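One structure is given here, and the rest of the page talks about it.
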Amino acid sequence: MFNIHPLIWLIPLPPLLGFVLIVLFTRRSNRTSHNVALVGSGLSFVASMVVFFKAVTTDGLAGSPISASINWLPTGADWLRIGVLVDPLTAVMLFFVAWTVLMIFIYSIGYHNFGQPAGRNDRPGFSPEGAEAKEHGKAHKVPSVEPMYARFFALLSLFAFAMYLLVVSDNLLTLYIGWEIMGFCSYFLIGFWYGKESARKAGIKAFITTRIGDVFMLLGMVALYSVTGTLNFHEIFSNPQTMLMLTSTQSPAFGLNWAGLIGLLLFCGTVGKSAQFPLHVWLPDAMEGPTPVSAMIHAATMVSAGVYLSARLFPLMSAGWHHGGALTAPMAAMAVIGGFTALFTSTIALAQHDIKRVLAYSTISQLGYMIAALGIGAYTAAVFHLVTHAFFKALLFLGSGSVIHGMEHGVLHTGNHIDPQDMRHMGGLRRRMPLTFWTFLAGGLALSGFPLITAGFWSKDEILNGTFTGGHIGLFIVLAITAFLTAFYTARQITLVFFGKPRSTAAEHAHETKPVMTVPLMILAIFAIGAGWAGIPHAFPVLGAISPAWFQSFIGSMLSPQSIEEAHSNIPLIVSVLVSLGGLLLGWLVYRCMETAEEKDPLQKISGSVYNLLQNKYWIDELYQKALINPSLWLADKVVYQFIDLKIIDGILHGLGRAGVGLGNLLRAKFDLPVVNGAGDGLAGSTRGLGVFLHKLQNGRVQTYLLIAVACTVVLVLVICFLIGEGVIGVTE
Amino acid sequence: MIPLYWFLMLSAVLFSLGLFAVITRRNTISILMGIELMLNAANINILAFWRYLYAPRGDMDGLIFTLIVFVTAAAEVAVGLGLIVSAYRKRRTVVANDLDSLKG
Amino acid sequence: MNFLAERLLSLILLLPLIGALVLLFFPAAKSRGIKITAFIISLIPLGLTLFLWGSYNTVSADGSFRFVENYAWFPAIGSSYHLGVDGVSLVMLLLTTLLTPLAILTSFNIKERVKAFMILFLILETGMLGVFMALDLVLFFLFWEIGLVPMYFLIALWGGEKRNYASLKFILFTMGGSLGLLLAIQMIGVISGTFDLVSITTTWPALQSGELFGIPAATVKAIAFWAFVIAFAVKVPVWPFHTWLPDAHTEAPTGGSMVLAGVLLKLGAYGFIRLVLPLFPAESARFAGWLAALATAAIIFGALAAAAQKDFKRLVAYSSINHMGFVVLGIAAAAWVGGQTDAALRESAVIALNGSVLQMFNHGLSAAGMFFLVGVLYDRAHTRKLEDFGGLFAILPLYGSILIFTSMASLGLPGLNGFVSEFMIVRGVWPIFTLYLALGMIGLLFTAVYVLKAIKLTLHGSLNEKWSGKLSEIKARELAVIIPLMILMLTIGWWPAWIVNLINQTVMSWF
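Protein chains in written order, with my numbering: chain A, 1 to 733; chain B, 1001 to 1104; chain C, 2001 to 2511.
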């Protein structure tokens, strides 16, 4: 077998190269640009697959991961080293990241209408409005190509680069670099149609909100670095002395040990990136971006990165914990925040009308699931859910994009300007968009955990099992309710979009999207169904006996023996099946009778004010605006700038200046004018008189001057001779 | 040997002629020529004194001094002529009395 | 050739001055010739500095001064013409010789009194270079002042609307600081009997006895320390001595702002590193906490005030206060550790000081770049009000991309230069001033707020129709200014070792 190390280094590079090439050279040509981007992500895909298969065929990978590093930054006598690392966690991350990223790249070509004419009114910064085209002899409006097509692929490539960088990093620093570059790309991609006020706001919101988490993460990172002297994961976690020191030394804050404090700080990064409460607000607004971006950000990459960070740092977060023991502070925080977020946001998802927003809230909720699972130590279950969720959520987002695309077609066709993302205007798309329907259904069922045949079932069941057998009954109930709500709103979504009759003319004229969009959907659908079979637990009735439980043993090898969960119980299994099927059935029953777009939501009829609260997301955005953003802007402008700088500091300066001028004036009035000027004026007067006299001599003629000079010289010579004669001046021989 | 005062007489005469020209001539070029006369009168004076007082002692100061004066004179002529030409270009005259912009 | 090779520093130092003399003989009307000549002249020191950089480690490999030149200059008072560079000053030399040609290239668009402008600029360069090279206190002060005066004229003659107020404020503030500097230098010189920095560094910190006009040495030391601190704090500027900066930066011509933010601010920080830390280790350690507090205030208040600005250039000016706050925080941490023996702390101090020096360089790049880009916009639109813009990305895609790139460097986006130095400072300061650092994170957050605000109001949003068709895309000459800066930002972001190595080598020898 050849040396795998160079290949790992090379995984992130092709997309970066693609970004550079597109930005510098090919941005004028749409076709070349997307080809460059595709080749870039394709190369990374191939390399990732090779590395993945190398990883799964290596024995004892967790104990001795494939890694390599180089000196990067001199720090006194030492060096900060950066490098790459492939262990089981990296391997599974690479697997799903590579697949989803490639699918999203392909899908984007269709989504941005490659090959369509450019619209007459389309401008950069706005979503394309459609172009006139002749079809069957009649003038039609058809979708037009995105004006900033090449730029989209450039940014997508940069994004892919950052994600790969994050996954293959062997240390927190390069992980952070990838993490932040992704944050920047998401800012840019969310605000892709920057001409729209909502888009530019959403981009900034995403950046700032995640940055709140990131600055804490930065602190955690430097704390870890200064305590342990390294940022390399493997060096820290595989060194018992370091781990002991982290757990046994008191940190300066809150009576925590170092592991606890650093874990909490780093977890703040996850809260921001994975949009956990209270920093969840950016993610729904991030739907302003083009749909492939939503998928990229929400499912495949950025938000998974948050969970990945927590999973990666699990040995640190759980330092000092053993299975069944009391949770450490970071773990408790994760369990509480994750569980709360899961329930909280799934209730919001119940009342959203925008097809993408429902998915956004569902994403937050599912991420909360994973975080909560990590928090109670169900490590493999959390990672498992991370993988399956990435597939089915990417599928759902791309599917919703396909639906929106079909609806937009209908909108352009009919000229009836409705919101193509509003589910109330859809309905009956099952017949018009069959491929989208079937793949979306697969994704939806996986999300709601439809028993046995979907991937979501297996991973969700694992998590519920973990909470139950771990003795965290409260969390178990919360997550079970969440699972029920998830199934309910998924059923609501599928029913509203695909079943029943079309509720608008646009929906009647929607039609299936091109293969370039549907093929990725089908591929992802395969994973949304099949990915779960890699992790059927041994203890599962009947099926467990024939399952290799490959995922559990592969990822489980990452853990130290005392934190492996073994137990299995059938109670969570039954609950899981019940809530899933029950939620789906109830959702279908409630929503199948929606007839028109103007009709009130059935839930709204039952509980108007609660529904209102949910629809407005518990007024959290408004609360933040009033309680945090406005005061800090006021502080910045009125206090720091206007008051401290302009009033106080400059005021003192101007006061000093005025005092100086005043003193000067006083001296002038009392001293200069009478005393100095009195003498001065007399002198000046006589000088002036002399000047008037001498002026006459100065007639400008050189010869006159010379004559005067000669005359003076003669006089001078005579005087000197006279003085010599008188003996006043002595002459020495 | 020719007595020293012959040289001094010659130089005094030359100097006076030069001075007279400088003071009385109206044409600036003549004035310049007068200046040259005065300079060379001074040269003769220097050389004469050198020859009689210092040359016997082997000093070469006087010669060098004279050479420097030559160079200065040449430079001065060049600059002076240049000035005159440019003054002529500007004012269309070389008459000294008309060039009186120094008047206070 | 050997003659020159042995006097490389003098050559770099005096070439701009000679260039200024040469320009003196140019007819003022030939403004194009003057500009090009000035530009070419300013490129020579850059080339020589690069050569210096290349041969730096071939001379010796420790932290000592290299390329030293020492001639009698003013023996009556014990002052000599003593030049030399170490890793820290070499980095600053590169920054100066790099930014000056770029600033001159930027100033190709000035129309009035071109000759005077270029001459002042070249003199300014000599002044700045001199400060970074001087190993003699009197020489240091001399060049310090030489750098001051041309800047005053640059603001007062070519500045914006409020240039009189701004230039006066600038000169009064910095002159006020310089007074203390002069006083302190004289006291040190009189007591030590020499102005030579290398010998003072060995004798002065240990000095206990002796007196000056009946004042005991300890008091003299305290006075000198504070005089130094205030002089440099004004220049950096440390909060609350900072209010000259927004005015001066905003009113200065673009090229002037670039050099002002890029290099002149570094003189203050350099003064801390070169003079305050080595000469007053005990005092520095004692008062480091106060300095750190002020630096934190600069970080937070600078960022907040920047977020409140409505004028683009003023926003960038305030961002300088924010960024230089990090430099001072790192220096304060190093100062505090000066008296400690713990190995881990000393390593942190090295990292913090490395970070500070790198941050000086990085801020030089990004601040110069930002001022330049604001200038490009101002040249076209004749306004700097953020509200007057909007949606420019659609008509200026290239300019917009460059602006975003540079702002991200200024924001400290990982992968670009700002992050590396910020990370190093944060890492170094963490074990020393944990609380201040945690507070400083507020500043880091607001850095993002103001940078994004600027991008949002200029580039994003719907196009302000009054600009459509009015603004032209960035020109080749302007690209030539910004591209070297961008390349450096990227290089340092991804591969900082080439520059940090030099700094680290020198800083290591101090701890």
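Yeah, the Cβ is synthetic: ideal placement off N, Cα and C, and Gly gets one too.
Bear in mind that the values here come from a model prediction, so they are computed numbers and not experimental data.
Identify, in the order they occur along the chain, each residue of the same chain with its Cβ nearer than 7 Å to the Cβ of M2001 of chain C, setting aside the five sequence neighbours on each side. Any answer about M2001 of chain C is weak, because its pLDDT of 49 lies below 50 and its placement is not dependable; what the coordinates show is given next. Nothing listed; no residue qualifies.
Could you tell me the boundaries of the alpha helix (DSSP H) in which H389 of chain A lies? Segment 379–414, the alpha helix (DSSP H) holding H389 of chain A.
Would a check of beta-carbon distances place I2123 of chain C closer than 8 Å to chain A? Judged by the 8 Å Cβ criterion, I2123 of chain C is not in contact with chain A.
Do the CB positions of L2139 of chain C and H2082 of chain C come within less than 8 Å of each other? The answer is yes: Cβ separation under 8 Å.
Decide yes or no for the touch test of the segment 376–384 of chain A against the segment 305–322 of chain A: beta carbon pairs closer than 8 Å, at least 3 of them. A contact exists between the segment 376–384 of chain A and the segment 305–322 of chain A.
Proximal residues to L2457 of chain C (C-beta, below 7 Å), its chain only, five neighbours per side dropped: Closer than 7 Å at the Cβ level, and outside the excluded window around L2457 of chain C, lie L2386, E2387, F2389, G2390.
How many angstroms separate the CA atom of F267 of chain A from the CA atom of R2427 of chain C? F267 of chain A and R2427 of chain C: Cα-Cα distance of roughly 18 Å.
So, helix, strand or coil for A2029 of chain C, using DSSP? If DSSP states are grouped into helix, strand and coil, A2029 of chain C belongs with coil.
Residues near Y2450 of chain C by beta carbon distance below 7 Å, same chain, minus five either side: Once the five neighbours on either side are set aside, the close Cβ partners of Y2450 of chain C are A2303, A2306, A2307, L2315, S2319.
Does DSSP classify S2178 of chain C as helix, strand or coil? Looking at S2178 of chain C - three-state DSSP - the assignment turns out to be helix.
Note down, in chain order, all residues in the segment 694–710 of chain A with a beta-carbon under 7 Å from any beta-carbon belonging to chain B. Across the segment 694–710 of chain A, CB contacts with chain B closer than 7 Å involve H695, Q698, N699, G700, R701, V702, Q703, L706, L707, V710, in sequence order along the chain.
With 8 Å as the threshold, decide whether the Cβ of E2478 of chain C is near any Cβ in chain A. Closer than 8 Å: no.
Leaving out the 5 sequence neighbours to the left and right, which residues in its chain are closer than 8 Å to A199 of chain A when beta-carbon positions are compared? Apart from sequence neighbours up to five positions away, the residues of its chain that approach A199 of chain A with a beta-carbon distance below 8 Å are I190, G191, F192, W193, E288, G289, ordered along the chain.
Distance between beta carbons of L2013 of chain C and I2041 of chain C, contact taken as under 8 Å: Not a contact, Cβ separation roughly 13 Å.
Amino acids of chain A, ordered along the chain, whose beta-carbon sits closer than 9 Å to that of S1101 of chain B: Chain A residues near S1101 of chain B: G700.
Where L256 of chain A sits in the DSSP three-state scheme: When secondary structure is reduced to three states using DSSP, L256 of chain A falls in the coil class, being assigned neither helix nor strand.
Have a look at C:P2237, C:T2194, C:L2291 and flag the residue whose alpha-carbon is nearest the alpha-carbon of A2072 of chain C. Across the set C:P2237, C:T2194, C:L2291, the C-alpha of C:T2194 shows the shortest separation from the C-alpha of A2072 of chain C.
Cβ neighbours of M2424 of chain C in the same chain (closer than 6 Å, five flanking residues each side left out): If you ignore the 5 residues before and after M2424 of chain C, its C-beta comes within less than 6 Å of the C-beta of I2351, N2354, G2355, all in its own chain and listed in chain order.
For a cutoff of 8 Å on Cβ pairs, would you count L13 of chain A as touching chain C? By this cut-off, L13 of chain A is not an interface position.
Can you name the residues of chain A whose CB is closer than 7 Å to the CB of P2431 of chain C? Within chain A, the residues placing a beta-carbon under 7 Å from that of P2431 of chain C are S226, ordered along the chain.
In the DSSP assignment, what residue or residues form a beta bridge with H2082 of chain C? Note: H2082 of chain C sits in a beta bridge opposite C:N2070.
Can you pull the chain A neighbours of I1023 of chain B, defined as C-beta to C-beta under 8 Å? What I1023 of chain B touches in chain A: Q703, L706, L707, V710.
For D2086 of chain C, is the classification buried or exposed, using 16 other Cβ atoms within 10 angstroms of its Cβ as the cut-off for buried? So D2086 of chain C counts as buried.
Sequence-distant residues of the same chain with beta carbon closer than 8 Å to V1094 of chain B, five excluded per side: Excluding the 5 residues flanking it on each side, V1094 of chain B has same chain C-beta neighbours closer than 8 Å at N1027, T1028, I1029, I1084, A1087, Y1088, in chain order.
Leaving out the 5 sequence neighbours to the left and right, which residues in its chain are closer than 6 Å to G2268 of chain C when beta-carbon positions are compared? Contacts found: F2232, K2235, V2236.
G427 of chain A versus R492 of chain A: straight-line alpha-carbon distance, rounded: Rounded to the nearest whole angstrom, the CA to CA distance from G427 of chain A to R492 of chain A is 11 Å.
Can you list, in chain order, the residues of its chain whose CB lies under 8 Å from that of R658 of chain A, leaving out five sequence neighbours each side? Excluding positions up to five away in sequence, the list is empty.
Give me, in chain order, the residues of the same chain whose beta-carbon lies closer than 8 Å to that of S2178 of chain C; leave out the 5 immediate sequence neighbours on both sides. Short of 8 Å from the beta carbon of S2178 of chain C, and not among the five residues preceding or following it, lie these beta carbons of its own chain, in chain order: F2141, W2144, E2145, L2148, A2231.
Where do the ends of the alpha helix (DSSP H) carrying L85 of chain A lie? No alpha helix (DSSP H) contains L85 of chain A, which is instead part of the beta strand (DSSP E) from 78–86.
With a Cβ-Cβ cutoff of 8 Å, do I66 of chain A and I8 of chain A count as a contact? Yes, they are a contact pair.
Selected residue, minimal CA-CA separation from T2126 of chain C, among C:G2160, C:A2103, C:L2011: From the listed residues C:G2160, C:A2103, C:L2011, the smallest Cα separation to T2126 of chain C is found for C:L2011.
Output needed for G2463 of chain C: all residues of its chain with C-beta closer than 6 Å, excluding positions within five of it in sequence on either side, in chain order. Here residue 2463 of chain C turns out to be Leu, not Gly, going by the sequence shown. Spatial neighbours of L2463 of chain C in its own chain (CB-CB distance under 6 Å, excluding positions within 5 residues in sequence) are listed in chain order as G2391, A2394.
L2329 of chain C touches chain A at which residues, Cβ-Cβ below 7 Å? Below the 7 Å Cβ cutoff, chain A contributes no neighbours of L2329 of chain C, its closest Cβ being approximately 13 Å away.
State yes or no: is the C-beta of L2403 of chain C within less than 8 Å of the C-beta of L2488 of chain C? At least 8 Å separates the beta-carbon of L2403 of chain C from that of L2488 of chain C.
With hydrogens ignored, establish whether the beta-carbon of V383 of chain A is closer than 7 Å to any heavy atom of the ligand MG. With respect to the ligand MG, the structure shown offers nothing to examine, as it has no ligands at all.
Can you list, in chain order, the residues of its chain with a C-beta nearer than 8 Å to that of F2026 of chain C? Leave out the 5 residues immediately preceding and following it. For F2026 of chain C, where only same-chain residues beyond five positions count, the Cβ hits under 8 Å are G2033, I2034, T2037, K2115.
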